[in-house]
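Trainee: One structure, pasted below without further comment.
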Amino acid sequence: MTSVSALVACPLDPQSFNEPSSEAEKEGQMVSAKNDLAEKTILDAEAMARTLDRIAHQILEKTEGGAETVLLGIPTRGAPLARRLADRVSTFAGVQVPVGTLDITLYRDDLRLRGVRALEHTDVPATGVDDQRVILVDDVLFSGRTVRAALDALKDLGRPSAVQLAVLVDRGHRQLPIRADYVGKNIPTSLVESVHVRLSEVDGADAVVLTPGGER
Amino acid sequence: MIEHLLSSSDLDLETATLVLDTAAEMAAVSGREVKKLPTLRGRTVVNLFYEDSTRTRISFEAAAKRLSADVINFAAKGSSVSKGESLKDTALTLQAMGADAVVIRHPASGAPHRLAGWIDGSVVNAGDGTHEHPTQALLDAYTMRSRLGRLEGLRVALVGDVLHSRVARSNVWLLRTLGAEVTLVAPPTLLPVGVDSWPVQVSYDLDSVLPKLDVVMMLRVQRERMNASFFPSVREYSRRYGLDAARMGALPEHAIVMHPGPMIRGMEISPEVADSTRSTIVEQVANGVSVRMAVLYLMLGGMA
Amino acid sequence: MNNWIISGASVLGGEPADIFVRDGVIADSAPDSAQRLDATGLIALPGLVDLHTHLREPGREDAETVETGSRAAALGGYTAVCAMANTDPVADTAGVVEQVWRLGKDAGLVDVQPIGAVTVGLAGERLAELGAMATSAARVRVFSDDGHCVHDPVLMRRALEYVKAFDGVIAQHAEEPRLTVGAQMNEGDTSARLGLAGWPAVAEEAIIARDVLLAGHVNSRLHICHVSTAGSVELIRWAKSKGWRVTAEVTPHHLLLTDDLVEGYDPVFR
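Residue numbers (the numbering used here), protein chains in the order written: chain R, 6 to 221; chain P, 121 to 424; chain U, -6 to 263.
Now the structure itself:
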């Protein structure tokens, strides 16, 4: 009568080209194992740490010291990235920037193309988003559809004074008029390559790798 | 993904937990300014109610509307049903209208099972006869989990008319799946035959059970049972199986008092108990919307 | 010309033998100019009697008629059927039972023996004219309110006593009606789980216990329709051991089907 199989395994689906790699890793764990041999490391743990340091400094600069700013990570991997950025901002400037998570599943434009997805946690800091500068944080910027959904979700939570976007990797191939305010690394890719961001909180180690074979 | 929700025994631990976790996210939506999600735009949910149940109907209606589904309310009274249309013909009509899900309340046990065999869309059992009411059990479980932090190992008593209660049946199977320990407390006349084969403890004595509980759930005794010799008098029933302030005092400090509503104050529950801080009765109503949003999302939120 | 030699059939399941028919009657030697019928591999039985049929005529000719019912019976190897009394109008007068009997004659396929109602209109309140039905052309000997139980013990006693005058038998539909209000299926684990109102075995057994005692007490003949519980069988066995004149019948579906089939709520299995 019931099944959760759709949440565990997904068929190969051309629409998935639109997904950032966080989605790919969440729903297609087998890929990275299969392609381990052929993968190419773009950022190792140290390089990732330096990149995040830089983004944190840029945030401090562009937000006048982090005043009235909220960091919202998009699950799965945007969430720990947002926390890391908040920690760095605190270390560098002694400012506590409120940090939370924003799940965009219920706002996706491709719900009907796949089985039902489990929701991730949305956690808006007590300050709320009204009149705040909200910085959305995600791991990979690809088609832009996730960010579009996030903007819709944000609109239902309140009215920020401004919305910015921070991503660890921008791999191009935008399908919507969206750009990031903070980019860790631009990686020109082919559509038949996959970008995987791995974070110690989720995957046990930090790395950004490129593998052949399209997104799953 | 859930195709139909006909019985709480359809839910395995993984799926039941998924529903509760999803409901927790849905609950946040009910707390914000814009209580609306675009998720089920273009989907049609039909509320097909053969019994009057405003509470359950508006709960499903609110759930569907918060997910942006189109809602059609089909009350049997005053409709083609009162002109003698059969359930099957009504089902085919709904099918032709493109119902993606039908939420059905029916006085006959098993009506949702039959409906599920006749239509392509999903069927949600919103209470059938004396059989089941699975979304009520889910919202009860959700309420227990959010008040007490867990379900595994919880000691729960269902008190009252178990024999005729679809809420009791759904709770027994679901709580069992979720790892709670259930005790049924009722006079022997209001327990089903073969209850000894159910995965529960049975007691005729409420007072001996109370001190060991985390949750006491009072079931309503319907008016038509009161003069059918299930018990000698309302007064005696109330004295033996009603929850009053003194009995509430015998519960452990942390224990909560639940009631699926509508309650009869002074019969199975005294007003001071119903209004106490231990009572979750109002929360249960709010949680009902979140749980039903979760069920509708998990049914209709993906590929058809 | 109705002379036959039926050859090779296994008579009552025994060794194959020839059966001789002279002028439509079984004979002990081969008749002259007989037609031969090869029945090798078949089993020969006497014509069967169905004690419990509903031919529905008069009143529900859309469901069954005496003609269609007796045709089905003949095809199944039956040469006589008893037609229950719950027709519309009820077979509770000489007029109705004679009508059914005549329809059976007209169909001409099997013996159709009408059963008369025990009480007027099957209502369980006062005795129907049992004697008039017994002496009618239909010669009714079996009386039953089948579909309804004769639940008043006084009335049941009177009926059992009264039919002794013409060697009749009362066929009881054993169901204590107060125990089966709203009942939909056998009461047990399955009914409790499915939320369907249960029909307890005791509803049948309580009536059988009462009626075998009554039959023994007044020394009359009792037949129990469609026995469905093990407890009923025990009670009937006990009554027979007392020498009381009690018989019973059972249906294939009560022997072969179980509660589990109701799981999908298909009303066919209730």
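For each residue, glycine too, the CB sits at the ideal point set by N, CA and C. Note that this is a predicted model, so its numbers are computed, not measured.
Based on the DSSP output, what are the partners of residue 338 of chain P in its beta bridges?
Mentor: Note: residue 338 of chain P sits in a beta bridge opposite P/279.
Trainee: Listed in chain order, which residues of the segment 77 to 109 of chain R have Cβ atoms closer than 8 Å to some Cβ of chain P?
Mentor: Per Cβ criterion, the list reads 108.
Trainee: Run through DSSP, which three-state label would residue 179 of chain U get?
Mentor: Strand at residue 179 of chain U.
Trainee: Tell me whether residue 237 of chain P sits in a helix, a strand or coil according to DSSP, three-state version.
Mentor: Residue 237 of chain P falls in the helix class under three-state DSSP.
Trainee: So, under 8 Å CB-CB, residue 419 of chain P and residue 398 of chain P are touching, yes? Tell me the CB distance rounded to an integer number of Å.
Mentor: Incorrect: roughly 34 Å between the Cβ atoms, too far for contact.
Trainee: In terms of residues, what are the limits of the beta strand (DSSP E) holding residue 46 of chain U?
Mentor: First-last of the beta strand (DSSP E) with residue 46 of chain U: 41 to 46.
Trainee: Grouping DSSP H, G and I as helix and E and B as strand, with all else coil, what is residue 27 of chain R?
Mentor: Per-residue confidence for residue 27 of chain R stands at a pLDDT of 48, beneath the threshold of 50, marking its modelled position as unreliable; no derived number is given.
Trainee: Do residue 213 of chain R and residue 162 of chain R have their C-beta atoms closer together than 8 Å?
Mentor: No, they are not a contact pair.
Trainee: Exposed or buried, which one is residue 201 of chain R when buried takes at least 16 other CB atoms within 10 Å?
Mentor: It counts as buried.
Trainee: What would DSSP say about residue 45 of chain R, mapped onto helix, strand or coil?
Mentor: The answer is strand: DSSP assigns residue 45 of chain R an E or B state.
Trainee: Which residues in chain P have a C-beta closer than 9 Å to the C-beta of residue 163 of chain R? List them in chain order.
Mentor: By Cβ distance, chain P contributes 152, 153 and 154.
Trainee: Is the beta carbon of residue 145 of chain P closer than 8 Å to that of residue 108 of chain R?
Mentor: Taking 8 Å as the Cβ cut-off, residue 108 of chain R and residue 145 of chain P qualify as a contacting pair.
Trainee: Suppose contacts are defined by Cβ-Cβ distances below 8 Å. Is residue 188 of chain R in contact with residue 218 of chain R by that definition?
Mentor: Contact: no.
Trainee: Would you kindly report the start and end of the unbroken beta strand (DSSP E) that includes residue 9 of chain U?
Mentor: It spans 9 to 15 - the beta strand (DSSP E) in which residue 9 of chain U sits, taken as one unbroken run.
Trainee: Please name the residues in the segment 165 to 187 of chain U whose beta-carbon is closer than 9 Å to at least one beta-carbon of chain P, in chain order.
Mentor: Per Cβ criterion, the list reads 177, 180, 181, 182, 183, 184, 185, 186 and 187.
Trainee: Tell me, please, which residues DSSP counts as bridged to residue 171 of chain R.
Mentor: According to DSSP, which records beta bridges pairwise, residue 171 of chain R is partnered with R/142 and R/187.
Trainee: Checking 8 Å against the spacing of the C-beta atoms, do residue 110 of chain U and residue 136 of chain U come in under that value?
Mentor: Yes.
Trainee: Start and end of the alpha helix (DSSP H) containing residue 225 of chain U?
Mentor: From DSSP, the alpha helix (DSSP H) with residue 225 of chain U extends over 223 to 234.
Trainee: In the structure shown, what three-state DSSP assignment does residue 206 of chain R receive?
Mentor: Here residue 206 of chain R sits in helix by DSSP.
Trainee: Looking only at its own chain, which residues have a Cβ that is under 6 Å from the Cβ of residue 337 of chain P, when we skip the five neighbours before and after it?
Mentor: 278 and 378, listed in sequence order.
Trainee: Does residue 157 of chain R come within less than 8 Å of chain P when only Cβ atoms are used?
Mentor: Yes, residue 157 of chain R counts as interfacial toward chain P.
Trainee: Using a beta-carbon distance below 8 Å, is residue 189 of chain U in contact with chain P?
Mentor: With 8 Å as the cut-off, residue 189 of chain U counts as an interface residue toward chain P.
Trainee: Would you say residue 181 of chain R faces chain P, with C-beta separation under 8 Å as the test?
Mentor: No, residue 181 of chain R does not count as interfacial toward chain P.
Trainee: Are residue 393 of chain P and residue 363 of chain P close, meaning C-beta to C-beta below 8 Å?
Mentor: For residue 393 of chain P and residue 363 of chain P, yes; Cβs fall inside 8 Å.
Trainee: Any beta carbon of chain P sitting closer than 8 Å to that of residue 257 of chain U?
Mentor: Yes, its Cβ sits closer than 8 Å to a Cβ of chain P.
Trainee: Any contact between the segment 241 to 259 of chain P and the segment 272 to 289 of chain P? By contact I mean 3 or more CB pairs, one from each, below 8 Å.
Mentor: They touch, by the three-pair rule.
Trainee: Given that residue 158 of chain P touches chain R, what residues does it touch there, using C-beta distances under 8 Å?
Mentor: The answer, in chain order, is 111, 112 and 157.
Trainee: What is the rounded straight-line gap between the Cα of residue 188 of chain P and the Cα of residue 179 of chain U?
Mentor: Those two C-alpha atoms are separated by around 45 Å.
Trainee: For residue 212 of chain U, which option in U/238, U/28 and U/58 has the closest C-alpha, if you only look at C-alpha atoms?
Mentor: If we check each option's Cα against that of residue 212 of chain U, U/238 comes out closest.
Trainee: Determine, using beta carbons only, whether residue 315 of chain P comes closer than 8 Å to chain U.
Mentor: It does: the Cβ of residue 315 of chain P has a partner Cβ on chain U nearer than 8 Å.
Trainee: If you drop the 5 nearest sequence neighbours on each side, which residues of the same chain put their C-beta closer than 6 Å to that of residue 375 of chain P?
Mentor: Cβ neighbours of residue 375 of chain P beyond the five flanking positions: 333 and 334.
Trainee: For residue 250 of chain P, return the contacting residues in chain U, with the cut-off set at a CB-CB distance below 7 Å.
Mentor: Result: 188.
Trainee: Below 8 Å on C-beta distance, what does residue 233 of chain P contact in chain U?
Mentor: Within 8 Å Cβ-Cβ: 257 and 258.
Trainee: Can you have a look at residue 298 of chain P and say buried or exposed, based on whether 16 or more other CB atoms are within 10 angstroms of its CB?
Mentor: Answer is buried; the Cβ neighbour count reaches 16.
Trainee: Compute the beta-carbon to beta-carbon distance between residue 416 of chain P and residue 221 of chain P, rounded to the nearest angstrom, for a pair I have assumed lies under 8 Å.
Mentor: With a Cβ gap of about 7 Å, residue 416 of chain P and residue 221 of chain P count as contacting.
Trainee: Any beta carbon from chain P within less than 8 Å of residue 121 of chain R's own beta carbon?
Mentor: Cβ-Cβ to chain P under 8 Å: yes for residue 121 of chain R.
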